[in-house]
Amino acid sequence: MNRPIVSQTQGLSMLFNSFEFLLFFPVVLFVYYVLPHKLRWLFLLASSYYFYAASEPYLIILLLISTLVDYYCGLKIGDVVSRRKKYYLWLSIVVNIGILVAFKYLFFFIDSTNNILEYFGVEISASEQIQSYRIDQILLPVGISFYTFQTMSYTIEVYRGNMKPEKHLGRFALFVAFFPQLVAGPIEKATRLLPQLKKTISPDISQIKRGMIIMAWGFFLKIVVADRLGIYVDAVYADPDGHQGLPSLLAAFFFVFQIYFDFAAYTYIAIGAAKTMGISLINNFNRPLFSISITQFWQRWHISLTQWIRDYLYSPLRRKAHLNRVVSVLLVFFIMGLWHGANWTFVVWGLINALFLIIEVATNKWRKNSFDRLHVPLKLRALLGWATSFTLMMVSLIFFRSASMQEAFNFIGNLFVVPNLHINVLNNYLELFLSILLIFGVQWVHFVKGNNKIYELVEGRPVWARWSMYLAYIAIIVMLGINRQESFIYFQF
Numbered sequence: 392m393n394r395p396i397v398s399q400t401q402g403l404s405m406l407f408n409s410f411e412f413l414l415f416f417p418v419v420l421f422v423y424y425v426l427p428h429k430l431r432w433l434f435l436l437a438s439s440y441y442f443y444a445a446s447e448p449y450l451i452i453l454l455l456i457s458t459l460v461d462y463y464c465g466l467k468i469g470d471v472v473s474r475r476k477k478y479y480l481w482l483s484i485v486v487n488i489g490i491l492v493a494f495k496y497l498f499f500f501i502d503s504t505n506n507i508l509e510y511f512g513v514e515i516s517a518s519e520q521i522q523s524y525r526i527d528q529i530l531l532p533v534g535i536s537f538y539t540f541q542t543m544s545y546t547i548e549v550y551r552g553n554m555k556p557e558k559h560l561g562r563f564a565l566f567v568a569f570f571p572q573l574v575a576g577p578i579e580k581a582t583r584l585l586p587q588l589k590k591t592i593s594p595d596i597s598q599i600k601r602g603m604i605i606m607a608w609g610f611f612l613k614i615v616v617a618d619r620l621g622i623y624v625d626a627v628y629a630d631p632d633g634h635q636g637l638p639s640l641l642a643a644f645f646f647v648f649q650i651y652f653d654f655a656a657y658t659y660i661a662i663g664a665a666k667t668m669g670i671s672l673i674n675n676f677n678r679p680l681f682s683i684s685i686t687q688f689w690q691r692w693h694i695s696l697t698q699w700i701r702d703y704l705y706s707p708l709r710r711k712a713h714l715n716r717v718v719s720v721l722l723v724f725f726i727m728g729l730w731h732g733a734n735w736t737f738v739v740w741g742l743i744n745a746l747f748l749i750i751e752v753a754t755n756k757w758r759k760n761s762f763d764r765l766h767v768p769l770k771l772r773a774l775l776g777w778a779t780s781f782t783l784m785m786v787s788l789i790f791f792r793s794a795s796m797q798e799a800f801n802f803i804g805n806l807f808v809v810p811n812l813h814i815n816v817l818n819n820y821l822e823l824f825l826s827i828l829l830i831f832g833v834q835w836v837h838f839v840k841g842n843n844k845i846y847e848l849v850e851g852r853p854v855w856a857r858w859s860m861y862l863a864y865i866a867i868i869v870m871l872g873i874n875r876q877e878s879f880i881y882f883q884f
């Protein structure tokens with residue numbers, strides 16, 4: 392069975408790639424700068440709640456619970472004697488993780504437990520009432536993994552003494568719900584975002600232009616590139632046995648770029664939207680697909696999540712729990728995989744990446760000595776490292792994309808079926824050629840400008856050149872845009 396990239400059961404807030412957002416955002420930006428500074432937080436908070444509740448208003452209750460609990464815990468951690476601070480920290484963690492488990496993982500854990508018991512001959516029959524209340528019928532709150540991690544980081548930072556508790560409930564609520572990065576990150580630390588939400592910001596035309604250009608690049612990546620690649624990928628995954636050999640290999644190749652461009656597109660729009668309001672969000676990518684090692688890839692991919700995992704999970708496991716490096720890496724990647732979804736395919740994807748890292752680190756010295764003895768040039772070493780890292784990531788993402796373990800193994804097996812060389816799955820060679828051309832075009836731009844200086848493509852050029860680029864952009868969006876109205880891939884997390 393082909394699993395859709397975005398769960399059919401989740402409630403979707405207002406999509407960036409929607410007509411509603413194109414109306415919503417300019418109005419928010421205009422009113423934001425018209426209002427006096429003392430009222431902006433209230434307007435942004437109301438706008439963020441409207442943005443989140445656009446489709447399923449009742450899901451905002453969970454966002455409010457996380458906000459109120461962590462606001463309260465933060466105040467208590469700042470007030471009580473040191474030996475009681477830990478109680479409020481654990482209250483914050485338990486409530487947030489509890490909400491996450493209840494709405495995202497409860498039935499996954501129940502099913503997994505039942506399967507294990509049945510394997511040993513113990514049959515568990517759930518009541519009809521429980522069976523009728525399946526997770527498939529529950530709306531998965533969009534962005535719940537992101538905002539629970541973000542708000543938990545606040546109480547942890549207060550507990551560690553890195554910041555004082557925020558006493559203004561409204562500004563703290565805005566930190567949790569700031570709409571550009573609410574549903575798919577970047578996951579911001581309170582020490583970085585909260586001060587920005589308090590400062591007086593005057594309109595800066597140059598920053599507004601930069602923000603708009605960054606947003607435009609994000610829309611291009613999503614509407615023109617990622618969604619186009621997704622059509623090919625979906626077609627192959629819908630009938631993997633009918634597309635064995637080269638089509639499966641090309642679909643696996645395309646999915647690496649689909650998920651990257653899709654997630655990067657959301658990040659660009661989020662960063663650009665925040666920048667137009669004078670707020671800087673963390674750069675979530677740093678040319679990850681140019682990485683020459685698995686270690687480097689995870690330093691460049693989803694930076695806000697990997698930093699969160701490093702600061703609040705990996706480091707405490709090493710320092711406080713005194714776990715060795717191998718066990719710590721396996722544990723954090725198990726959790727990272729599970730964070731992405733309630734399916735064993737995500738867990739296996741995480742553990743595979745953990746093994747890649749462990750093996751890479753363990754063999755670093757041996758590989759360096761081997762290359763030195765063979766006098767392998769540095770550029771060739773880098774090329775081999777890139778090719779190996781990309782291939783390993785491509786294979787691991789097959790588990791990420793597959794609906795089940797069996798489907799993933801079948802898909803991997805299909806990669807080695809040689810006879811089928813027919814790659815024109817969509818019966819449209821122009822689309823196939825265009826997809827490949829767009830991949831290399833975007834990667835060239837990212838190689839030259841990175842993920843954080845896209846605006847330099849336009850800045851500093853003559854007026855006629857800039858306007859020619861603007862008109863060309865509009866023409867490309869109109870002619871090549873894929874109007875599938877699909878949610879961003881990371882909305883499911």
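Under our numbering, residues 392 to 884 are what the sequence shown spells out, in order.
We put the CB at the ideal spot given by N, CA and C, even for glycine.
Predicted, not measured: the structure shown is a model, and the values here were computed from it.
Inter-residue spacing [alpha-carbon to alpha-carbon] between residue i and residue j
i, j, result
"W689", "I700", "11 Å"
"I867", "I685", "35 Å"
"R525", "F498", "At R525, the pLDDT of 46 sits below 50, so the modelled position is not reliable; the number obtained from the coordinates is stated separately. Spanning the two alpha carbons is a distance of roughly 7 Å."
"G489", "V786", "33 Å"
"G872", "L453", "35 Å"
"H713", "W777", "33 Å"
"I622", "I827", "13 Å"
"I596", "G832", "29 Å"
"L788", "E798", "13 Å"
"K666", "I578", "16 Å"
"I845", "H837", "8 Å"
"V808", "H766", "36 Å"
"N393", "L696", "In this prediction, N393 scores a pLDDT of 44, lower than 50, which makes its location untrustworthy; no coordinate-derived value is stated."
"T504", "Y423", "50 Å"
"R772", "F762", "8 Å"
"K711", "F540", "20 Å"
"L708", "R431", "40 Å"
"I865", "W835", "21 Å"
"T782", "N805", "16 Å"
"L746", "Q687", "15 Å"
"I803", "L641", "12 Å"
"V397", "Q649", "Low per-residue confidence applies at V397: pLDDT is 39, beneath 50, and the placement is therefore not dependable, though the value from the model is reported in the following sentence. C-alpha separation (whole angstroms): 13 Å."
Buried/exposed call for residue i, threshold 16 Cβ in 10 Å
i, result
"D653", "buried"
"K759", "exposed"
"N818", "exposed"
"V854", "exposed"
"D461", "buried"
"G663", "buried"
"Y449", "exposed"
"T754", "exposed"
Proximity to residue i [Cα-Cα], best of the options
i, options, result
"Y496", "H731, L672, F762 and H837", "H731"
"M784", "L680, A568 and M543", "L680"
"S780", "P532, L748, R758 and R431", "L748"
"V752", "L774, F412 and R716", "R716"
"V624", "S409, P638, I452 and D632", "P638"
"Y651", "R710, D618, V849 and T542", "D618"
"V723", "S706, A733 and T736", "S706"
"F645", "H428, L620 and I750", "L620"
"F791", "V647, E579 and N755", "V647"
"F412", "K770, Y441, Y423 and L480", "Y441"
"F570", "P586, F537, D702 and F838", "F537"
"L480", "Y449, A445 and V549", "V549"
"I880", "I614, L775 and R474", "I614"
"I694", "R474, P448, N843 and R475", "N843"
"V616", "L862, I830 and N487", "I830"
C-beta atoms of residue i and residue j nearer than 8 Å
i, j, result
"L612", "A656", "yes"
"L573", "G609", "no"
"L729", "V720", "no"
"F407", "I660", "yes"
"N677", "G576", "no"
"F500", "P532", "no"
"P556", "L466", "yes"
"M543", "I484", "yes"
"A581", "M603", "no"
"C464", "L482", "yes"
"A445", "I451", "no"
"T591", "I468", "no"
"L584", "R562", "no"
"S795", "T736", "yes"
For residue j and residue i, believed in contact at Cβ under 8 Å, the rounded distance
i, j, result
"L565", "L588", "6 Å"
"P631", "N815", "About 17 Å separates the two Cβ atoms, so there is no contact after all."
"V869", "M860", "The pair is not a contact, with the Cβ atoms about 15 Å apart (cut-off 8 Å)."
Cβ-heavy atom distance, residue i to the ligand MN, below 7 Å
i, result
"F831", "Among the components of this structure there are no ligands whatsoever, and the ligand MN is therefore not found."
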